[in-house]
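So the protein sequences, as listed, match chains A and B.
Each residue of the first sequence is one higher than the one before, starting from 4 at the first, in our numbering.
Each residue of the second sequence is one higher than the one before, starting from 48 at the first, in our numbering.
Virtual Cβ for every residue (Gly too), placed ideally from N, Cα, C.
Everything numeric in this text was worked out from a predicted model, so none of it was measured.
Working notes for the structure below.
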Amino acid sequence: MAYDLLEEYLRVERLPHVWCPGCGHGVITHALACAMAELRLDPDRTAVIGGIGCSGRAAFLFDMDAMHTTHGRAIVFATGLKLVRPQLTVILTLGDGDAVGIGGNHFIHACRRNLDLTAIIYNNSIYGQTGGQVAPTTPPHKKSTTSPYGNLEYPFDIAQLAIAAGATYVARTTSFDFRDMVKFIKRGILHKGFAVIEVLTHCPTYYGRLNEMRDPYEMLHRLKEHTVPLEEWEQLSAEERADKIVVGELHCQERPEFVESYYALITRMQSQQVKGDGN
Amino acid sequence: MREPELVQGNEACARGALYAGCRFFAGYPITPSSEIMEYLAREMPKVGGICLQMEDEIASISAVIGASWGGAKAMTATSGPGFSLMQESIGYAAITETPCVIVDAQRWSPSTGQPTKAAQGDVMQARWGTHGDHPIIVLTASWVREVFEMTVHAFNFAEKYRVPVILLLDEVLAHLRENVILPEPGELEVISRQRPERLEDFQPFANEMMLNFGEGGHIMVTGMAHDEMGFPTQGQKAAEQLKRIVSKIERRAEELALYRAHYLDDAEAVIISYGITSRAVEAAVELMRAQGLAVGFLDLKTLWPFPEKLIRSWTEGVQYVLVPELNLGQLVREVERAVGGRAPVEHLGRVDGYLITPQEICQRVQERLGVNHGVRSS
Numbered sequence: 004m005a006y007d008l009l010e011e012y013l014r015v016e017r018l019p020h021v022w023c024p025g026c027g028h029g030v031i032t033h034a035l036a037c038a039m040a041e042l043r044l045d046p047d048r049t050a051v052i053g054g055i056g057c058s059g060r061a062a063f064l065f066d067m068d069a070m071h072t073t074h075g076r077a078i079v080f081a082t083g084l085k086l087v088r089p090q091l092t093v094i095l096t097l098g099d100g101d102a103v104g105i106g107g108n109h110f111i112h113a114c115r116r117n118l119d120l121t122a123i124i125y126n127n128s129i130y131g132q133t134g135g136q137v138a139p140t141t142p143p144h145k146k147s148t149t150s151p152y153g154n155l156e157y158p159f160d161i162a163q164l165a166i167a168a169g170a171t172y173v174a175r176t177t178s179f180d181f182r183d184m185v186k187f188i189k190r191g192i193l194h195k196g197f198a199v200i201e202v203l204t205h206c207p208t209y210y211g212r213l214n215e216m217r218d219p220y221e222m223l224h225r226l227k228e229h230t231v232p233l234e235e236w237e238q239l240s241a242e243e244r245a246d247k248i249v250v251g252e253l254h255c256q257e258r259p260e261f262v263e264s265y266y267a268l269i270t271r272m273q274s275q276q277v278k279g280d281g282n
Numbered sequence: 048m049r050e051p052e053l054v055q056g057n058e059a060c061a062r063g064a065l066y067a068g069c070r071f072f073a074g075y076p077i078t079p080s081s082e083i084m085e086y087l088a089r090e091m092p093k094v095g096g097i098c099l100q101m102e103d104e105i106a107s108i109s110a111v112i113g114a115s116w117g118g119a120k121a122m123t124a125t126s127g128p129g130f131s132l133m134q135e136s137i138g139y140a141a142i143t144e145t146p147c148v149i150v151d152a153q154r155w156s157p158s159t160g161q162p163t164k165a166a167q168g169d170v171m172q173a174r175w176g177t178h179g180d181h182p183i184i185v186l187t188a189s190w191v192r193e194v195f196e197m198t199v200h201a202f203n204f205a206e207k208y209r210v211p212v213i214l215l216l217d218e219v220l221a222h223l224r225e226n227v228i229l230p231e232p233g234e235l236e237v238i239s240r241q242r243p244e245r246l247e248d249f250q251p252f253a254n255e256m257m258l259n260f261g262e263g264g265h266i267m268v269t270g271m272a273h274d275e276m277g278f279p280t281q282g283q284k285a286a287e288q289l290k291r292i293v294s295k296i297e298r299r300a301e302e303l304a305l306y307r308a309h310y311l312d313d314a315e316a317v318i319i320s321y322g323i324t325s326r327a328v329e330a331a332v333e334l335m336r337a338q339g340l341a342v343g344f345l346d347l348k349t350l351w352p353f354p355e356k357l358i359r360s361w362t363e364g365v366q367y368v369l370v371p372e373l374n375l376g377q378l379v380r381e382v383e384r385a386v387g388g389r390a391p392v393e394h395l396g397r398v399d400g401y402l403i404t405p406q407e408i409c410q411r412v413q414e415r416l417g418v419n420h421g422v423r424s425s
């Protein structure tokens with residue numbers, strides 16, 4: 004691990020971070036910094052684009068060009084940036100509400116478009132920054148400040164949504180699995196196309212407190228208990244899968260990447276013009 | 048001598064954007080602005096630029112802001128419903144001092160309204176559509192060639208002052224085809240954002256200097272109240288920064304005021320208008336001058352910052368001010384405020400989807416000036 008390199012990627016003067024004690028967001032952000040360090044990314048050629056919410060605050064911690072955008076729109080800000088600066092490695096730090104609530108439309112279209120962006124989704128199953136409201140990722144029957152009698156809705160499975168919408172690299176892990184986080188983020192960054200790394204994480208302050216899991220360690224432990232690696236998942240019966248979530252590298256495919264496709268079009272149009280001018 | 052060519056308003060806008068150096072466009076189809084995106088989809092790749100159809104207008108303006116921070120001159124175009132969707136991110140562009148151009152080809156509104164009927168109902172939304180105090184520049188145009196010129200001005204202002212600039216067109220002008228000779232390269236000034244000379248002590252949110260992403264500046268951009276380095280702040284510093292970004296535009300109201308003034312020196316009545324309506328006003332004033340009536344007009348190209356001093360000085364000592372607009376009364380209130388009771392200010396509005404005619408204007412002015420005879424329309 005290239006821990007000694009972390010200072011190159013983080014604005015250490017802005018630590019400690021603003022997240023609650025026991026929150027998983029710091030761990031995910033740490034994993035992202037480690038992934039950057041292990042890949043020896045050039046901070047001058049890397050940008051972090053965050054949305055609004057607890058996860059969006061990660062953007063302030065990276066010592067590189069960074070943008071804290073409007074709620075749900077980080078992906079489209081990044082789309083504009085990446086298209087005009089293809090040499091930049093652009094990484095998104097999104098929350099679950101950001102990615103599949105208010106920004107759901109942008110999310111599925113980004114998957115379809117397949118731009119070379121890496122989206123890390125901090126999925127804590129709740130709206131944390133605004134005080135613990137129900138999210139499109141809150142499991143059924145769970146309580147929040149706006150589902151005080153239990154959630155009547157059913158959640159998105161973000162990884163499956165990404166795969167169905169056309170994302171070309173999709174992995175899921177938890178804030179418990181630090182090494183997998185680093186590994187999947189690295190692979191997502193190296194992958195040419197839209198990469199989604201969903202990290203299931205814990206919000207002891209709201210989700211935990213409202214659902215009788217106040218202890219951050221207990222929440223973290225539950226994430227471990229309720230997730231099953233892909234290899235094991237494939238051996239499980241439907242009944243055994245019922246209260247489990249599959250984690251691992253769920254999807255990887257090659258498909259033309261949009262920025263490359265657009266620049267190929269530019270090259271083609273410009274060479275045609277040169278030919279045309281010559282005639 | 049160059050031959051005139053038949054050009055549509057929307058096409059003039061797209062060509063003006065390319066002339067100004069626009070190399071990123073993102074939009075979503077909407078009547079009556081779609082031809083801008085269609086033109087740029089064909090032409091952008093040829094000049095090494097990017098034209099992208101997004102999933103909605105929120106995505107369009109957001110991609111434009113991202114592209115602008117990437118260093119591209121960037122634009123989007125829409126109409127009322129899409130313009131409303133863009134408002135949150137326009138505020139983001141304002142507070143983050145992001146140069147960008149937003150074209151709104153106005154149509155009869157609110158809501159879906161009448162997509163193929165012209166209106167001038169977005170004047171106040173253009174100024175105050177996003178929440179909170181913020182800087183904005185709003186331009187408009189009346190002729191096809193002027194659409195081209197104002198698009199170039201819009202980019203120049205955006206780049207020079209690091210501010211979102213809105214260009215208000217309308218359905219008729221957007222779809223109108225006129226015989227025009229468009230500016231040649233070098234004929235109009237083209238301004239680009241100013242880079243700081245030194246990176247070491249550069250403060251990205253202290254003035255109009257701008258460093259793009261990917262240039263080693265490690266710039267932090269946020270829509271939160273921020274200090275000169277781009278990090279969240281509050282209290283007095285937040286107040287100072289807000290006042291700075293608002294005043295950088297407001298205090299330049301005079302130099303930003305683009306307009307045409309005619310027959311004003313001896314005018315007893317002044318007609319103040321903008322956009323498509325100015326064409327009828329000009330025709331009406333010519334008709335009335337032919338009758339010997341002392342009528343002049345002020346055709347505003349810059350609506351915001353509102354050219355208050357200009358209005359005040361041109362209406363000094365006049366007996367009557369008329370403000371025709373395709374709405375139920377928007378800019379007229381600003382004019383009233385500027386005139387400050389020194390002359391009666393009247394509104395001539397029309398919202399049936401048709402344009403105000405020279406005859407309507409003549410009739411109103413003649414009535415108010417106590418002239419009995421009508422004006423022949425031929």
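Give a yes or no on whether the minimum CB-CB distance between residue i and chain B is below 8 Å.
i      : result
A/R48  : yes
A/Y265 : yes
A/M184 : no
A/M222 : no
A/M272 : yes
A/N108 : yes
A/M216 : no
A/D66  : yes
A/L9   : no
So the candidates are the options; which of them puts its Cα closest to the Cα of residue i?
i      : options                           : result
B/N203 : B/A61, B/D399, B/M257 and B/K120  : B/K120
A/V15  : A/C37, A/V21, A/D66 and A/S240    : A/D66
A/F179 : A/H194, A/T204, A/D246 and A/L164 : A/T204
B/V497 : B/L132, B/D169, B/R240 and B/M91  : Residue 497 of chain B lies beyond the residue range present for chain B, which begins at 48 and ends at 425; the question has no answer from this structure.
A/D246 : A/R225, A/I78, A/E234 and A/L253  : A/R225
B/M48  : B/V317, B/H265, B/G364 and B/E231 : B/E231
A/A168 : A/E215, A/C114, A/P207 and A/I129 : A/C114
B/H222 : B/S320, B/K295 and B/S80          : B/S80
B/V212 : B/V368, B/A61 and B/L350          : B/L350
B/K356 : B/P405, B/E315 and B/R299         : B/R299
A/L9   : A/L42, A/W22 and A/C23            : A/L42
B/R291 : B/R307, B/D274 and B/F278         : B/D274
B/I358 : B/L246, B/Y306, B/E287 and B/I238 : B/Y306
Looking at the structure shown, is residue i part of a helix, part of a strand, or coil, going by DSSP?
i      : result
B/D346 : strand
B/Q413 : helix
B/L99  : strand
B/P405 : helix
B/E287 : helix
B/I358 : helix
A/Q273 : helix
B/I319 : strand
B/S126 : coil
A/M39  : helix
B/F71  : strand
B/R242 : coil
Hey, does residue i have any beta-carbon neighbour from chain A nearer than 8 Å?
i      : result
B/E206 : no
B/P92  : yes
B/P270 : It should be noted that the sequence gives Gly, not Pro, for residue 270 of chain B. It does; some Cβ of chain A falls within 8 Å.
B/M101 : yes
B/M133 : no
B/Y66  : no
B/M276 : no
B/M256 : no
Using only the alpha-carbon positions, how far apart do residue i and residue j sit?
i      : j      : result
A/P89  : A/L118 : 10 Å
B/K348 : A/R190 : 53 Å
B/E302 : A/G211 : 58 Å
B/N57  : B/P182 : 26 Å
B/A166 : A/A198 : 44 Å
B/K284 : B/Q338 : 59 Å
B/V111 : B/L216 : 19 Å
B/P51  : A/E11  : 59 Å
Inset, instruction - Only counting runs of 3 or more residues, tell me where the beta strand (DSSP E) segments fall wholly within the segment 176-247 of chain A, in order along the chain. - result: 198-203 and 230-232
Inset, instruction - Run through the segment 90-137 of chain A for me and flag every whole alpha helix (DSSP H) of 4 or more residues, listed as ranges in chain order. - result: 107-116
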